[in-house]
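Asks: There's a structure below that I have some questions on.
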Amino acid sequence: MSASAGNRGVVYKAPGEVAVESIPYPKLEIGNRKCDHGVILKVVTTNICGSDQHMVRGRTTAPSGLVLGHEITGLVVECGRDVEFIKPGDLVSVPFNIACGRCRNCKEGKTGICLNVNPARPGAAYGYVDMGGWVGGQTEYVMVPYADFNLLKFPDADQAMEKIKDLTLLSDIFPTGFHGCVTAGVGPGSTVYIAGAGPVGLAAAVSAQLLGAACVIVGDMIEDRLAQARSFGCETIDLTQDGDMADKLEAILGEREVDAFVDCVGFEAHACGCNHGKEAPATVLNSAMSLTRAGGQIGIPGLYVTEDPGAVDDAAKQGALSMRFGLGWAKSHSFHTGQCPVMKYHRPLMQAILFEKVKIADAVNVQVISLDDAPKGYADFDGGAAKKFVIDPHGTVAA
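Structure, rendered in structure tokens:
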């Protein structure tokens, strides 16, 4: 494959606006130097993520012209000379974290905070603001560095294509939801509250079930999303309704607290009940401390940012939120933040999919769309659609 193949991608233009445009065909280069450890992929599937929506809504400092997309599955079409174990024709999942495999953090398995792939801060991702300037993967073709370390090769490409709607979720949301539950201490017999029934919240809910939770409760403000959570056995709470949250938990559990709490909402959280239309960025974190038992754990895969130009007050614009942290301290809570280290989980979760121990695509309600339909997918997602939109740039995925 060569540059004559051309390339197109989803480009952030302005708040509320994305477009599909022609972009350069990728090269095995990083800046002005060759990238002999990289590969070029023909993208098979690439998903729209809730964190992409933060940028598209204008809630970050993302620049116009940014090529979006960090959830990538693709077919290898070209390898750099130093790539030893990945070959052209391999079908692979790409962790959204870009990791060198050489630094202290990567060697400790903390691939979400690699020290060598972003000059501005630890950690990098494809197509995301402040995450190293890497070109995103909501494209027809994309370059992936450090290929031998990063890529998960599917053992049988034909089998993988049969389950591609599930396997495409290994690049981010399935490991992210699972990580949220692991860091919240979910295990056999746990009672779990999942804040948010977007795709990551639904992935966390099914992950809690996979980990053996006794009861999984999902809270959201959109009835279609709550119905999706109920479709695979979760209890739900409509957060637009007035009432004390502890009372609502007690009605389900017979207890006023849960063992584990997972925040899948992040910094664009809203207040509950009659104030549900009002943004309150710390509300989920404060609820977590109120509703988690003493000694419990709180997993926070929901995104919190250091700069939010659209925040409700000046403090929140700098990522400073009004938290009742003394309550969490008094209850000996542990808080687990940051990007999911995808490589910690993607192989075992792949096995769970291939051996049909979990149906993650059904849980998050995958809908496959064309690259040209990506702008509509963004608009529908932002409107609260109870779906996970998966872009199929080349029309290779069966409906």
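At position 203 of the sequence shown (counting the first as 1) the number is 203 in UniProt numbering, and the numbers step up by one without a gap. Beta carbons are placed, not taken as given, at the ideal position from N, Cα and C, and that holds for glycine. Every value quoted in this text rests on a predicted model; they were computed, and no experiment measured them.
Start and end of the alpha helix (DSSP H) containing Y378?
Replies: Position 378 of the sequence shown, counting from 1, holds the residue named residue 378. Where Y378 is concerned, the enclosing alpha helix (DSSP H) stretches over A374 to D382.
Asks: Scan the segment 235 to 282 and note each continuous beta strand (DSSP E) run of 3 residues or more that stays entirely inside, going in chain order.
Replies: Entirely contained in the segment 235 to 282, the beta strand (DSSP E) runs reaching 3 residues are, in chain order, 235 to 238 and 258 to 263.
Asks: Taking the beta strand (DSSP E) that A19 belongs to, which residues open and close that run?
Replies: Position 19 of the sequence shown, counting from 1, holds the residue named residue 19. Where A19 is concerned, the enclosing beta strand (DSSP E) stretches over E17 to S22.
Asks: From V358 to G50, what distance separates their C-alpha atoms?
Replies: Position 358 of the sequence shown, counted from the first residue, corresponds to residue 358. Position 50 of the sequence shown, counted from the first residue, corresponds to residue 50. Distance between the alpha carbons of V358 and G50 is about 22 angstroms.
Asks: State the Cα-Cα distance for the pair G136 and N286, rounded to the nearest angstrom.
Replies: The count along the sequence shown starts at 1 and reaches residue 136 at position 136. The count along the sequence shown starts at 1 and reaches residue 286 at position 286. Those two C-alpha atoms are separated by around 34 angstroms.
Asks: For P188, is the classification buried or exposed, using 16 other Cβ atoms within 10 angstroms of its Cβ as the cut-off for buried?
Replies: One-based indexing of the sequence shown puts residue 188 at position 188. Flag for P188 reads exposed.
Asks: Whole angstroms is fine: what's the gap from A269's alpha carbon to G196's?
Replies: On the sequence shown, position 269 is the one that residue 269 refers to. On the sequence shown, position 196 is the one that residue 196 refers to. If I take the Cα positions, the gap works out to 9 angstroms.
Asks: Mind pulling the alpha helix (DSSP H) runs of 4 or more residues that sit fully within the UniProt domain "Alcohol dehydrogenase-like N-terminal" (37 to 155)?
Replies: Whole alpha helix (DSSP H) segments, 4+ residues: 50 to 56, 104 to 107 and 147 to 150.
Asks: How long is the line joining the alpha carbons of F389 and Y378, rounded to whole angstroms?
Replies: Counting from 1 along the sequence shown, the entry for residue 389 is found at position 389. Counting from 1 along the sequence shown, the entry for residue 378 is found at position 378. Distance between the alpha carbons of F389 and Y378: 8 angstroms.
Asks: Could you check which residue in I391, T183 and G80 has the C-alpha nearest to that of M143?
Replies: On the sequence shown, position 143 is the one that residue 143 refers to. Checking every option, the nearest Cα to that of M143 belongs to G80.
Asks: Excluding the 5 residues preceding and the 5 following S207 in the sequence, name in chain order all residues of the same chain whose CB lies nearer than 7 angstroms to its CB.
Replies: Here residue 207 corresponds to residue number 207 of the sequence shown, with the count starting at 1. Only G177, F178 and C181 meet the Cβ criterion.
Asks: On the premise that E279 lies in contact with T60, defined as a C-beta separation below 8 angstroms, what is that separation, rounded to the nearest angstrom?
Replies: As a working mapping, residue 60 is identified with position 60 in the sequence shown. As a working mapping, residue 279 is identified with position 279 in the sequence shown. Rounded, the Cβ-Cβ distance is 15 angstroms, inconsistent with contact.
Asks: Do the segment 311 to 326 and the segment 80 to 93 make contact, defined as three or more Cβ pairs closer than 8 angstroms?
Replies: Too few Cβ pairs lie closer than 8 angstroms, so no.
Asks: I'd like to confirm the pairing. Which residues does DSSP put opposite C215 in its beta bridges?
Replies: As a first step, residue 215 must be located in the sequence shown, where it is residue number 215. T191.
Asks: On the DSSP letters alone, give me the boundaries of the beta strand (DSSP E) that D392 sits inside.
Replies: Translated into the one-based positions of the sequence shown, residue 392 becomes position 392. Residues K388 to D392.
Asks: May I have the straight-line CA-CA distance separating Q53 from D382, to the nearest angstrom?
Replies: The count along the sequence shown starts at 1 and reaches residue 53 at position 53. The count along the sequence shown starts at 1 and reaches residue 382 at position 382. If I take the Cα positions, the gap works out to 7 angstroms.
Asks: For the segment 300 to 336, list the beta strand (DSSP E) runs that are entirely contained and at least 3 residues long, ordered along the chain.
Replies: Runs found: 334 to 336.
Asks: Going by C-alpha distance, which of Q367, K34, L68 and K248 is nearest Y146?
Replies: Numbered from 1 along the sequence shown, position 146 holds the residue referred to as residue 146. When each option's Cα is compared against that of Y146, the closest is K34.
Asks: Does the segment 97 to 115 come close enough to the segment 123 to 138 that 3 or more CB-CB pairs lie under 8 angstroms?
Replies: Enough Cβ pairs lie closer than 8 angstroms, so yes.
Asks: Would you call the CB atoms of D148 and F85 closer than 7 angstroms?
Replies: By one-based count along the sequence shown, residue 148 stands at place 148. By one-based count along the sequence shown, residue 85 stands at place 85. In this structure, F85 lies closer than 7 angstroms to D148 by Cβ.
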